[in-house]
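Asks: Here the sequence shown is numbered in our numbering, starting from 1188 and rising by one per residue.
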Amino acid sequence: MPAEFIVARALELAKSSGVSSAKTNSDIRNEIIDAIGFNKIPTSITEPKFIEDVKLDGYIVRKLIFEPIEGFPIPAHLYIPDLPGKHPAVVHTPGHWMEDGKLAGEVQRFNVNLVKAGVAVLCFDPVGQGERRVGWHQHGQLAPLLVGITNIGWMVRETLSAVDLLESLESIDSQKIGLVGASGGGFISIFASVIDDRIKVAAIGCIVNTHVSQIRDAAYGTGWDGWLDLCNQIPRLCVIGTVGKILSTLDPKKVIIVSALSDPGFPIAGAREVIDEVRSIAETTGTQKNFKYVEVKGGHGLHESTAITLIRFIAENFEKNVGSDFISDIPFAPQWPHSHEVATAENPQHFRPLPSKGTCFEFPIDTNEALVNFSKGMLLGIENIRPVLSLERLREILGPIPKPLSKRVQVVQHRSEDRWHIQTLKIQSELEIEINAQFALPKNWTDDLCGVFVMLHKNGAQSALNSVEAQKALDMGYAVLAPDLRGTGKTACSEFEVATASWMIDRDLLNQRITDGIACIDFLSTRYSTGQQIDKGNIVIWGQEEYGLLGLIITALDHRVNRCGSSGIASFQELMVVNSEISPMFYKHDLLRSLDVQDLVDIITPRSCKLGVPQKSVEKSLSSFLMVGKK
């Protein structure tokens, strides 16, 4: 259900954010800078450390380390022609060659052929790859999102810092600098080229597709899997512009897009749709001459067909010539001869990297903890300057929430147990979105009406109803409403993929589940029955662990909730941990610049909240908390 909703909304947004959009190139540029958090990442000016020059056939590889962001050194190779004078140059940001990064065979082979054509290449290990990778959780740190920093923003910042480095070198022609990348490296190069006017040539391989194609691949559980990859999911990107509209902002840069015909992750139909849109915009602006699109045989990556096409385009636009033979030799042995995408039972991956003369560090660096600590450090400058949070501002932050529908709730099953009647409900949350819920009512037919305890649980209605909290509320005479918020319980989805894909539209998964929660409150507040009655003035929301934060937001938005509470997590700041296993739904972009729990409590006051109750003492705590509302 959430996946279908996200895809449908992305399709709807594409109608207004593409060819017909009135946004200027400057508008899109500024919105992208804000969305990726580019300007929130401070850089420092430090001299690169050149480690070794390796002289080869017609070119030199200079091994170096540079550190544009304090505490985050970057190992790099500068391929430079062994000729006098200034040379045109590109920054080559590798895509998801996770194990080897700049040492991957395809990456080195590309760089060798380009430098042999007379173009210098600065190739580095992006954060979480190559020598900056330890283990397999390198692109999945959620904490930076809470202070407005995205993975792509970090990588774009490092890429453009590499451009700074090239500009500082005597051997480089600073008026002839470009970017190149395939897969994720191409994605980085697109946004870096949008931001920086110094880029004269952008060569993009095996990445361009519609937002919907990427979301459909991910949101249905086949793409951004396993709490790993946060490199593509840019907040509100579908609102900012279609891919065609964004690519059109690159004019007057020289741009080539290369797509592979057998690349199921980036289907050719989606690439063609984008290109048709770019050409449509170019016809109205007269900029067709600056844009080139080529389709090649083969699959994903920098295989020979893709590499040659990109290399020729770069060389021609820098007035260089490419040799007739594609060079297959590489200067350094990769550390992982059988990387994850090619490993088989016959040729499995190694347990650890092999030695290579191409490395720059003594040992690989783990960037996970450093990224999270960097983000925590930013909080020190944020907390003291937060403006007072108003209800109107909270609604603006959370995005549009539709008004509850007037459609009556359907009771699809009614069963009796020892002390309770339990109804299975279908609640219409919004158009075409229906959620299930379990509603347990005490066998109380008197005018001593029972309050209602709304229990939120990440695993949905059944887990909520079986929880210690819900059972305690039932014991104290409360009715319990336990909903399957969309994507939980019977509608369970691939949480990571759906939550992160939803960032790209204007209503993320947090917004959607808030809508579901308010629909539940609306049902209770307007419930009509000639049977058992409830005390509509005593509606309590309780959430287990992070779902207590969801209940807190719903309470702040809906005055009909009398009280709220949670067991476990008591603030959004507590979510800033390494390798978090909490739903990305709660890592709303830049949230901590606007609010934390106390700001929500201030809106809720004088209604009461009880937050962060340890699970071991939740029954005792609930006894006093629920007694307050009983008449």
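Glycine included, C-beta positions come from ideal geometry on N, C-alpha and C. Since the structure is predicted, the reported quantities are computational estimates derived from the model, not experimental observations.
Do the region 1736-1751 and the region 1705-1717 touch if we need at least three Cβ pairs shorter than 8 Å?
Replies: The region 1736-1751 is in contact with the region 1705-1717.
Asks: Roughly how many whole angstroms lie between the Cα atoms of S1208 and T1436?
Replies: As a position in the sequence shown, residue 1208 is number 21, starting the count at 1. As a position in the sequence shown, residue 1436 is number 249, starting the count at 1. Rounded to the nearest angstrom, the two C-alpha atoms are 12 Å apart.
Asks: Given a cut-off of 8 Å on the beta-carbon distance, is the pair M1285 and H1527 in contact?
Replies: The residue you call residue 1285 lines up with position 98 of the sequence shown. The residue you call residue 1527 lines up with position 340 of the sequence shown. Yes, the Cβ-Cβ distance between M1285 and H1527 is below 8 Å.
Asks: Can you check whether the C-beta of S1753 is within less than 8 Å of a C-beta belonging to chain B?
Replies: The structure shown contains no chain B; it is built from a single protein chain.
Asks: If we ignore side chains and look at the alpha-carbon of each, how far apart do A1307 and L1567 end up?
Replies: Sequence index remark: in the sequence shown, residue 1307 carries index 120 (1-based). Sequence index remark: in the sequence shown, residue 1567 carries index 380 (1-based). Spanning the two alpha carbons is a distance of roughly 41 Å.
Asks: Output the distance between the C-alpha atoms of G1220 and K1590, rounded to the nearest integer angstrom.
Replies: The residue you call residue 1220 lines up with position 33 of the sequence shown. The residue you call residue 1590 lines up with position 403 of the sequence shown. Note on residue identity: the sequence assigns Ile, not Gly, to residue 1220. Computed Cα separation, rounded: 32 Å.
Asks: Please go through the same chain and pick out, in chain order, the residues whose beta-carbon is closer than 8 Å to the beta-carbon of I1741, but skip the five residues on each side of it.
Replies: Within the sequence shown, the letter at position 554 stands for residue 1741. Hits under 8 Å: I1701, G1704, I1705, I1708, I1728, V1748 and C1751.
Asks: With burial defined as no fewer than 16 other Cβ atoms inside 10 Å of the residue's Cβ, what is the status of P1670: buried or exposed?
Replies: Reading the sequence shown from its first residue, position 483 is the one you call residue 1670. Buried, since its Cβ has 16 or more Cβ neighbours within 10 Å.
Asks: How is L1489 classed by DSSP in three states: helix, strand or coil?
Replies: Mapped onto the sequence shown, residue 1489 falls at position 302. It is coil, neither helix nor strand.
Asks: Check for me: the alpha helix (DSSP H) holding M1814 runs from which residue to which?
Replies: On the sequence shown, residue 1814 is found 627 positions in, with the first residue counted as 1. Unbroken alpha helix (DSSP H) run through M1814: V1805 to M1814.
Asks: Is it a yes or a no for the region 1267-1281 touching the region 1243-1251, going by three-plus beta-carbon pairs under 8 Å?
Replies: As far as the Cβ criterion goes, the region 1267-1281 touches the region 1243-1251, which means the pair count is three or higher.
Asks: Under 8 Å by Cβ, that's how I've got H1487 and D1450 pegged, so tell me the actual separation to the nearest angstrom.
Replies: For this step, residue 1487 is matched to residue 300 along the sequence shown. For this step, residue 1450 is matched to residue 263 along the sequence shown. Yes, H1487 and D1450 are in contact; Cβ-Cβ is about 5 Å, under 8 Å.
Asks: Which residue's Cα is closest to the Cα of A1557: G1205, N1766, I1252 and E1191?
Replies: One-based indexing of the sequence shown puts residue 1557 at position 370. Nearest option by C-alpha distance: N1766.
Asks: Note the first and the last residue of the continuous beta strand (DSSP E) segment covering C1796.
Replies: As a position in the sequence shown, residue 1796 is number 609, starting the count at 1. Unbroken beta strand (DSSP E) run through C1796: S1795 to V1800.
Asks: How far does the beta strand (DSSP E) with W1607 in it reach, from first residue to last?
Replies: Here residue 1607 refers to the residue found at position 420 of the sequence shown. Counting along the chain, the beta strand (DSSP E) containing W1607 begins and ends at W1607 to E1617.
Asks: For H1601, does the count of other Cβ atoms within 10 angstroms reach 16, so buried, or fall short, so exposed?
Replies: Counting from one through the sequence shown, the residue named residue 1601 turns up at place 414. Answer is exposed; the Cβ neighbour count stays below 16.
Asks: Name the residue from D1463, V1784, M1663 and T1531 whose alpha carbon lies nearest to the alpha carbon of S1808.
Replies: For the purposes of this step, residue 1808 is taken as the residue at position 621 of the sequence shown. When only C-alpha atoms are compared, the closest one is M1663.
Asks: Got a sec? Which residues, its chain only, sit under 6 Å from L1592 by beta carbon, not counting five neighbours each side?
Replies: For the purposes of this step, residue 1592 is identified with residue 405 of the sequence shown, where counting begins at 1. Cβ neighbours of L1592 beyond the five flanking positions: Q1615.
Asks: Going by alpha carbons, who is nearest to W1645 out of G1373, A1389, K1775 and Y1734?
Replies: As a first step, residue 1645 must be located in the sequence shown, where it is residue number 458. First, the amino acid is wrong: residue 1645 is Lys here, not Trp. Ranking G1373, A1389, K1775 and Y1734 by Cα distance to K1645 puts Y1734 first.
Asks: Taking 8 Å as the cut-off, decide whether the C-beta atoms of A1757 and L1798 are in contact.
Replies: Taking the sequence shown and counting its residues from 1, the one referred to as residue 1757 is at position 570. Taking the sequence shown and counting its residues from 1, the one referred to as residue 1798 is at position 611. It is a contact, given that the beta carbons lie within the stated cut-off.
Asks: Is DSSP giving M1642 helix, strand or coil here?
Replies: Locating residue 1642 in the sequence shown gives position 455, counting from the first residue. Strand.
Asks: Could you tell me the distance, in whole angstroms, from the CA atom of V1559 to the CA atom of N1338?
Replies: Stepping through the sequence shown from its first residue, residue 1559 is reached at position 372. Stepping through the sequence shown from its first residue, residue 1338 is reached at position 151. About 12 Å.
Asks: On the DSSP bridge list, what partners appear for C1751?
Replies: The count along the sequence shown starts at 1 and reaches residue 1751 at position 564. C1751 pairs with I1728 and C1796.
Asks: Does the distance from the CB of I1501 to the CB of V1277 come in under 8 Å?
Replies: Mapped onto the sequence shown, residue 1501 falls at position 314. Mapped onto the sequence shown, residue 1277 falls at position 90. For I1501 and V1277, yes; Cβs fall inside 8 Å.
Asks: With 16 as the cutoff for other CB atoms within 10 Å, does R1582 come out buried or exposed?
Replies: Here residue 1582 corresponds to residue number 395 of the sequence shown, with the count starting at 1. Exposed, since its Cβ has fewer than 16 Cβ neighbours within 10 Å.
Asks: Mind pulling the alpha helix (DSSP H) runs of 4 or more residues that sit fully within the region 1659-1700?
Replies: For the region 1659-1700, whole alpha helix (DSSP H) runs of length 4 or above, ordered along the chain, are 1682-1689.
Asks: Given a cut-off of 8 Å, decide if K1441 and V1388 are closer than it, judged by their beta-carbon atoms.
Replies: Sequence index remark: in the sequence shown, residue 1388 carries index 201 (1-based). Sequence index remark: in the sequence shown, residue 1441 carries index 254 (1-based). Contact flag set, yes.
Asks: Report the residue from Q1401, I1382, V1367 and I1375 whose alpha carbon sits nearest the alpha carbon of A1390.
Replies: For the purposes of this step, residue 1390 is identified with residue 203 of the sequence shown, where counting begins at 1. Comparing Cα-Cα distances from A1390 to each of Q1401, I1382, V1367 and I1375, the minimum goes to V1367.
Asks: Decide if the region 1678-1698 is in contact with the region 1415-1422; the criterion is three or more beta carbon pairs, one per stretch, under 8 Å apart.
Replies: The region 1678-1698, when compared against the region 1415-1422, does touch it at the 8 Å Cβ threshold.
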